Amino acid sequence: MIPASFDYHAPRTLEEAFALLQAHRDDVKVLSGGQSLLPLLKLRLGAAGHLVDIGRIPGLEYIEERDGALAIGGRTRESALETSELVRTKYPLLADTAAVIADPLVRNLATVGGNLAHGDPANDHPATMLALGAAVVAAGPGGTRTIAIEDFFVGLFTTVLEPDEILTEIRIPVPPSGSGGAYVKLERKVGDFATAAAAVQVTLGADGKVARAGIGLTNAGPVPLRAAGAESFLTGKEPTEEVIAEAARRAAAAASPSPDRRGTVEYKREMARVLTARALRRALERARGEH
Ligand SMILES: Cc1cc2nc3c(=O)[nH]c(=O)nc-3n(C[C@H](O)[C@H](O)[C@H](O)COP(=O)(O)OP(=O)(O)OC[C@H]3O[C@@H](n4cnc5c(N)ncnc54)[C@H](O)[C@@H]3O)c2cc1C
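Each residue of the sequence shown is one higher than the last, beginning at 16 in my numbering.
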């Protein structure tokens, strides 16, 4: 439970942080809420000679709509999403997700940027952001770049972020009217990581057919999974019970979960199917203003 020793740095500006990250490039980690990194260090599953705490850099915690997107500062805490009226009323998929991450103590510290940057397919926000078609902004010494979320995760605990880059913002397109989303998670007990979970965001056209569908699955493989086959199957169709059932079947077929204490491959895949159908039904109800 005692981590290997490290030097702790607490820069006050992004520029100072970049300089530290560059100086110790091969032996450094960004520290944000610490809710994933510190347990890893304490269990000695990871090590870094230098931690650069970005918690004292102002201007990285916000939730606001601008330029057609919901902009979330990279250090925004889960508890801020949970209590945001804007998120609750207009982004129910995000509100659902934040409410089932860990417990209130963890949510007071854990950040949305950290949840994504950790690259853990068991984390809940990657699937949500895939369903929402989000993008992340990475800032580094050479400037900033915007990365589509589907290009962000490249392997288990691995993202395209460079060691000297900081995830400063998440951008989610403002959903058009007729949109709704839902996150449905199966966990062994409150606060646990998902046995399986499904994130769904849909937009219905004036004719009641699906104009856009986004589906992400949690803990369904080594990287967060976007169920693209199920999305394209839904698009342009009237969302009948049969269509929902087939989309859920296609989403589950794309899953390649690992067996562990939470269940066998078959069980997890079946749960992915059941949860995708439930999330789809709830998202559709919300898109129609029924829920
Ligand atoms: C008891 C417990 C239960 C949990 N249950 C869940 C759960 O149910 N669902 C879930 O999704 N998560 C869960 N978690 C994990 C944790 O909540 C998330 O991974 C958390 O959001 C990580 O954010 P953080 O700010 O704490 O990141 P940190 O722990 O500080 O960092 C995590 C990783 O991301 C990197 N990083 C962090 N922020 C940035 C940034 N802005 N730019 C670049 N790199 C960055 C760090 O270098 C590190 O590699 C749980 C954690 C605990 C302790």
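Glycine included, each C-beta is placed from N, C-alpha and C at the ideal position. Note that this is a predicted model, so its numbers are computed, not measured.
Look up residue i in the DSSP assignment and say whether it is helix, strand or coil.
{"i": "residue 188", "result": "strand"}
{"i": "residue 88", "result": "strand"}
{"i": "residue 267", "result": "helix"}
{"i": "residue 241", "result": "strand"}
{"i": "residue 172", "result": "coil"}
{"i": "residue 259", "result": "helix"}
{"i": "residue 227", "result": "strand"}
{"i": "residue 166", "result": "helix"}
{"i": "residue 250", "result": "coil"}
{"i": "residue 120", "result": "helix"}
Leaving aside the five residues before and after residue i along the sequence, list all residues of the same chain whose C-beta is less than 8 Å from its C-beta, in chain order.
{"i": "residue 122", "result": "92, 93, 94, 97, 113, 116"}
{"i": "residue 124", "result": "48, 49, 50, 92"}
{"i": "residue 41", "result": "178"}
Where DSSP assigns a beta bridge to residue i, which residues make up the other side?
{"i": "residue 213", "result": "199, 232"}
{"i": "residue 160", "result": "153"}
{"i": "residue 275", "result": "278"}
{"i": "residue 22", "result": "65"}
{"i": "residue 143", "result": "None, per the DSSP bridge assignment."}
{"i": "residue 219", "result": "225"}
{"i": "residue 182", "result": "153"}
How about residue i: is its C-beta nearer than 7 Å to some C-beta of chain D?
{"i": "residue 193", "result": "Absent from the structure: chain D. Only one protein chain is present."}
Just to check my reading of the structure: residue i and residue j have Cβ atoms closer than 8 Å, yes? What is that Cβ distance to the nearest angstrom?
{"i": "residue 243", "j": "residue 187", "result": "Not a contact, Cβ separation roughly 19 Å."}
{"i": "residue 195", "j": "residue 302", "result": "3 Å"}
{"i": "residue 90", "j": "residue 75", "result": "4 Å"}
{"i": "residue 134", "j": "residue 173", "result": "5 Å"}
{"i": "residue 131", "j": "residue 72", "result": "Not confirmed; about 18 Å, so no contact."}
Excluding the 5 residues preceding and the 5 following residue i in the sequence, name in chain order all residues of the same chain whose CB lies nearer than 6 Å to its CB.
{"i": "residue 297", "result": "197"}
{"i": "residue 57", "result": "16, 18"}
{"i": "residue 218", "result": "191, 193, 194, 226, 227"}
{"i": "residue 271", "result": "236"}
{"i": "residue 142", "result": "214, 231, 232, 233, 239"}
{"i": "residue 294", "result": "197, 199, 213, 215"}
{"i": "residue 118", "result": "206"}
Checklist entry - Taking the runs of the alpha helix (DSSP H) that are 4 residues or longer, which of them lie wholly in the stretch 28-114? => result 29-38, 52-57, 93-98, 100-105, 107-114
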